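Data first, discussion second: the structure below is written as structure tokens.
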Amino acid sequence: VLSCAANAMKDRHFINGHRKEDIMPKKILIIDDDPVIVQYLQAIFSDNGYATCSANSTMEGLEQVKAERPDLICLDLQMPGEWGPRFYRKLRKEKDVKDIPVIVISGIDGEYAVKDAVAFVKKPFDPEKLIGIVKNTIG
């Protein structure tokens with residue numbers, strides 16, 4: 001007989017007898033102030049089976065991270081208000097979300113601005129290369 005805690009743990013990882021990760025698509029948060037780039041990334045990711053959510057500022061991005069709990073974050077560096085590197089430092093201080101991998105996608109040369117990023121992809125980018133990085137990172 002399973003205890004309540006064991007049942008809760010079981011239910012959290014399974015839906016109708018299937019592993020949750022086999023049913024639920026991985027979610028990618030896109031943080032970029034350019035709506036054209038956001039739409040393009042959403043199309044690329046959804047065409048490859050990923051769910052997306054987006055934010056057009058780092059302030060909104062931090063709220064979305066906490067609300068959506070994405071599996072991966074794609075982060076632009078240069079945005080109005082607060083730049084990407086500062087968002088990244090704040091993210092790493094948040095206990096519950098600090099381990100979410102980040103891919104930097106930016107038009108400016110800032111490969112080392114986010115030192116622990118999974119990858120730095122310079123705009124314009126090859127969508128196949130980006131999808132390869134995403135698949136290697138979150139499956």
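To convert, note that position 43 of the sequence shown is 43 in this note's numbering; the numbers rise steadily by one, no gaps. The beta-carbon is built from N, C-alpha and C at its ideal position, and this holds for glycine as well. Only a predicted model underlies this, so the values are computations on that prediction, with no experimental measurement involved.
Rounded to whole angstroms, the Cβ separation of Gln-42 and Ser-54 is 7 angstroms, and the two are in contact under 8 angstroms. Bounds of any beta strand (DSSP E) do not take in Ile-133; it lies within the alpha helix (DSSP H) bounded by 127-138.
Judged by DSSP secondary structure, Ser-54 falls within the beta strand (DSSP E) whose first and last residues are 51-55. Its Cα nearest to that of Lys-122, the residue Asp-109 stands out among Val-114, Asp-109 and Ala-67.
Per the C-alpha coordinates, the member of Glu-128, Pro-101, Phe-125 and Ser-46 positioned closest to Lys-115 is Pro-101. Proximity to Leu-75 across Asp-34, Asp-47, Asn-48 and Ala-67 peaks at Asp-34, based on C-alpha coordinates. Its chain contains Val-102, Ile-103 and Val-104 as the residues whose beta carbon lies nearer than 7 angstroms to that of Ala-117, once the 5 sequence neighbours on both sides are disregarded; these appear in chain order. In this structure, DSSP gives Ile-103 an extended state, which the three-state scheme calls strand. Looking at the backbone, the Cα of Lys-135 and that of Glu-94 are separated by about 25 angstroms.
Put simply, of Pro-80, Asn-48, Asp-32 and Val-38 the residue whose alpha carbon is nearest the alpha carbon of Ile-133 is Asn-48.
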